[in-house]
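Residue numbers (full-length UniProt numbering): 1 to 359.
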């Protein structure tokens with residue numbers, strides 16, 4: 001921002017001011033710092049007063065500590081706390097064997113990232129398509145066959161967001177099987193502006209709250225921007241031993257760099273949590289299994305196929321706690337940004353303050 005132009009002051013030279021006087025430049029600097037503090041307060045519960053000092057605002061660590069308390073000893077919840085922590089380095093685990101985690105839901109994973117297949121009598125709805133054609137062939141096509149499903153019945157590829165590890169195999173599946181590729185308009189636009197390798201040809205737009213029905217199964221697709229401008233998070237039925245549960249899949253995990261985008265992410269988390277609660281979500285899934293203990297849960301299920309419990313059925317309260325942790329960690333990340341910005345503004349104001357002249 002450029003400083004407003006001011007006329008020269010005749011009574012004193014710019015180098016010499018009466019002791020304790022404030023220049024217009026100094027007033028502008030202090031106003032900027034105050035605005036940053038007020039802006040920080042406006043996003044934090046119960047701290048909206050513009051007079052709230054920076055030292056009185058909840059510290060980022062307060063939010064992180066609260067998220068850890070919410071997680072407790074639950075490995076699913078502890079994993080999402082870690083994945084949303086600044087500086088977290090995602091692991092690169094080995095690819096697990098494909099697995100039906102529900103009667104109608106299969107996970108096809110390379111370890112770092114997974115595709116999720118919803119199996120219906122009318123064909124397959126595939127959520128995400130891995131990084132490239134080779135991965136799509138090796139892990140999705142071969143994986144479905146190994147589970148007794150026919151990859152040629154893939155009717156839709158729902159891309160949760162416009163990052164290559166999620167859309168890279170989509171065009172291969174479209175070309176080979178005639179699958180329709182779906183993405184939110186904002187991320188189709190993102191791909192058009194960045195022209196990444198392996199980007200699918202623009203096909204179907206996803207509207208917020210759109211219901212996609214195939215073979216008697218309906219998947220509801222919710223816009224949850226933040227990770228990318230067009231991130232989508234599905235809610236769909238998951239059947240297990242004669243009972244139908246309701247699953248959610250949070251479409252984008254890592255918070256973006258820009259504070260404004262984190263604020264968008266936070267808004268999406270709040271909205272999606274409300275929608276998940278109304279839908280009765282009791283199953284939590286992720287397209288990055290390291291972020292929610294998903295890979296370990298796959299192995300637990302694989303080792304006890306006749307067990308009475310499905311580890312992906314977490315219950316409605318834990319599903320809501322998962323989203324509350326996402327919200328709380330985002331608030332902490334935003335507070336980190338705001339505290340850093342306030343510190344920078346205060347430092348700049350202090351270092352640029354005029355020095356009283358000497359006689």
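Think of the CB as a built atom: it goes at the ideal place given N, C-alpha and C, for glycine as much as any other residue.
| query | result |
| --- | --- |
| Near residue 323, which residues of its chain fall below 7 Å by C-beta distance, leaving aside the five closest residues on each side in sequence? | 269, 272, 273, 276 |
| For a minimum of 4 consecutive residues, which ranges assigned as the alpha helix (DSSP H) are wholly contained in the region 137 to 214? | 142 to 146, 164 to 167, 170 to 177, 185 to 194 |
| With the cut-off set at 8 Å, would you say residue 182 and residue 219 are in Cβ contact? | no |
| State buried or exposed for residue 192, treating a residue as buried only when at least 16 other CB atoms are found within 10 Å of its CB. | exposed |
| Closest to residue 200 by C-alpha separation, out of 113, 128, 249, would be which residue? | 128 |
| Can you pull the DSSP bridge partners for residue 249? | 285 |
| Measure how close the beta-carbons of residue 130 and residue 169 come, nearest whole angstrom, since I'm counting them as under 8 Å. | 5 Å |
| What three-state label does DSSP hand residue 342 in the structure shown? | helix |
| Return the chain-ordered list of same chain residues with a C-beta closer than 6 Å to the C-beta of residue 153, the five sequence neighbours on each side being excluded. | 123, 124 |
| Tell me, please, whether the region 99 to 109 touches the region 299 to 319 by the rule of three or more beta-carbon pairs shorter than 8 Å. | yes |
| Taking the alpha carbon of residue 233 as the reference point, which residue from 242, 221, 226, 116 has its own alpha carbon closest? | 221 |
| Taking the C-alpha atoms as reference points, what is the distance between residue 213 and residue 230? | 21 Å |
| Look up residue 227 in the DSSP assignment and give the residues it is bridged to. | In the DSSP output, where bridge partners are listed per residue, residue 227 has none listed. |
| Cα separation between residue 188 and residue 244? | 33 Å |
| Name the residue from 308, 74, 120, 66 whose alpha carbon lies nearest to the alpha carbon of residue 294. | 74 |
| Given this structure, state the Cα-to-Cα distance separating residue 177 from residue 143, to the nearest angstrom. | 16 Å |
| By the 10 Å Cβ neighbour count, where 16 or more other Cβ atoms means buried, how is residue 348 classified, buried or exposed? | exposed |
| So, are the CB atoms of residue 253 and residue 66 less than 8 Å apart? | no |
| What is the DSSP secondary structure of residue 92, counted as helix, strand or coil? | coil |
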